[in-house]
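Engineer: Residue 1495 is where the sequence shown starts when you use the working numbering, and the numbers rise one by one after that.
Submitted below is the structure of interest, expressed as structure tokens.
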Amino acid sequence: MMSLALRGAIRLYQLTFAYFFVGACRYEPSCSAYAAEAVTTHGALKGSWLAAHRLCRCGPWGAGGYDPVPSLGSGPGPAAARKLSCQPADRA
């Protein structure tokens, strides 16, 4: 139920405010598309955390580029989930 509400809020943002920021996102997929996919794939709690982590990295200091939502069973472990870092992701 919470996932559905979050996806609705993200979609509302995409249809209204995102129009003013077209081309501003440094990542592919865009941050709002990433958030919608993260919530759909991982649920409301982990999906929201992944989206917040992505938003922290999106800015002039971020590297940008292709950054897909991690598949189920991958991504940050419990220790990483406790610490929200806004540092650019390591892409080796």
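Each residue gets a CB set at the ideal place from its N, CA and C atoms; glycine is no exception.
Source: prediction; values computed, not measured.
1. Which class does S1558 belong to by DSSP, given the choice of helix, strand or coil?
2. Which residues mark the beginning and the end of the alpha helix (DSSP H) in which T1534 is found?
3. To the nearest whole angstrom, what separates the beta carbons of L1544 and H1536, a pair I think is in contact under 8 Å?
4. Quick check: the segment 1554 to 1562 against the segment 1497 to 1515, are there 3 or more CB pairs under 8 Å?
5. On the CB-based measure, 16 or more other CB atoms within 10 Å of its CB, does L1500 come out buried or exposed?
Structural biologist: Taking the structure as given:
1. Position 64 of the sequence shown, counted from the first residue, corresponds to residue 1558. For clarity, residue 1558 is Gly in the given sequence; the question names Ser instead. G1558: coil per DSSP, three-state reduction.
2. Counting from one through the sequence shown, the residue named residue 1534 turns up at place 40. Run containing T1534: 1525 to 1551, per the alpha helix (DSSP H) assignment.
3. Taking the sequence shown and counting its residues from 1, one reaches residue 1544 at position 50. Taking the sequence shown and counting its residues from 1, one reaches residue 1536 at position 42. Their Cβ separation, rounded to whole angstroms, is 6 Å, which keeps L1544 and H1536 in contact under 8 Å.
4. no
5. Position 6 of the sequence shown, counting from 1, holds the residue named residue 1500. Flag for L1500 reads buried.
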